[in-house]
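Numbering (UniProt numbering), first residue to last: 1 to 148.
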């Protein structure tokens with residue numbers, strides 16, 4: 001009995017298939033194994049609804065999701081989600097409406113609505129930084145965020 005507990009799923013299914021003679025049981029075991037493999041794959045593609053597309057009227061919209069600051073931005077009709085943390089010094093960023101840019105008060109770094117750095121008075125390396133984007137989609141008028 002203990003040897004079955006120590007086996008991984010695939011080995012257990014192979015052993016069960018070789019031990020049984022019943023065809024319908026073999027089919028059931030194979031289906032269960034396929035479903036178990038599929039369930040592991042589906043975990044990679046889990047999406048969670050943030051808000052209704054109709055409620056997303058102001059761009060950018062600041063949200064807290066699982067303890068993290070996010071900004072939803074609508075650019076050229078597409079919805080994008082950006083982390084609200086400056087990649088330079090890991091501090092919270094803010095949206096400045098008069099400049100139409102994200103701003104980090106700690107390091108004075110600025111980012112456009114796509115999350116790309118617009119600060120030009122530092123080194124080339126620092127200009128390459130950008131806000132981390134999060135996969136987002138709109139399904140049935142619901143804005144969904146891909147989660148890990």
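C-beta: ideal position from N, C-alpha, C; glycine also. On a predicted model such as this, the values are computed, not experimentally measured, just so you know.
### Query
If you follow the beta strand (DSSP E) that residue 141 is part of, which residue opens it and which one closes it?
To locate residue 141, count along the chain shown from 1; it is residue 141. That residue, residue 141, is in no beta strand (DSSP E); it is neither H nor E in DSSP.
### Query
To which residues does DSSP link residue 147 through a beta bridge?
Taking the chain shown and counting its residues from 1, the one referred to as residue 147 is at position 147. Beta-bridge pairing links residue 147 to 46.
### Query
Does the Cβ-Cβ distance between residue 145 and residue 138 come in under 8 Å?
In the chain shown, residue 145 corresponds to position 145, counting from 1. In the chain shown, residue 138 corresponds to position 138, counting from 1. Cβ atoms of residue 145 and residue 138: not closer than 8 Å.
### Task
Classify residue 93 as buried or exposed, calling it buried when 16 or more other Cβ atoms lie within 10 Å of its own Cβ.
For the purposes of this step, residue 93 is taken as the residue at position 93 of the chain shown. Answer is buried; the Cβ neighbour count reaches 16.
### Message
I believe residue 60 touches residue 73 by the beta-carbon criterion, under 8 Å. Please report the beta-carbon distance rounded to the nearest angstrom.
### Response
Counting from one through the chain shown, the residue named residue 60 turns up at place 60. Counting from one through the chain shown, the residue named residue 73 turns up at place 73. That belief holds up - the Cβ atoms of residue 60 and residue 73 are roughly 4 Å apart, short of 8 Å.
### Task
Using alpha carbons as the reference points, say which of 117, 77 and 67 lies closest to residue 56.
Against the chain shown, residue 56 aligns to sequence position 56. Nearest C-alpha to residue 56: 77.
### Query
Within 10 angstroms of its Cβ, does residue 1 collect 16 or more other Cβ (buried), or is it exposed?
To locate residue 1, count along the chain shown from 1; it is residue 1. Interpretation of residue 1 is limited by its pLDDT of 48, a score under 50 that renders its predicted location unreliable; the figure taken from the coordinates is listed afterwards. Answer is exposed; the Cβ neighbour count stays below 16.
### Query
Could you check where the beta strand (DSSP E) with residue 83 kicks off and where it finishes?
As a working mapping, residue 83 is identified with position 83 in the chain shown. Run containing residue 83: 78–83, per the beta strand (DSSP E) assignment.
### Message
According to DSSP, residue 117 sits in a beta bridge with which residue or residues?
### Response
In the chain shown, the residue the question calls residue 117 occupies position 117. According to DSSP, residue 117 bridges with 111.
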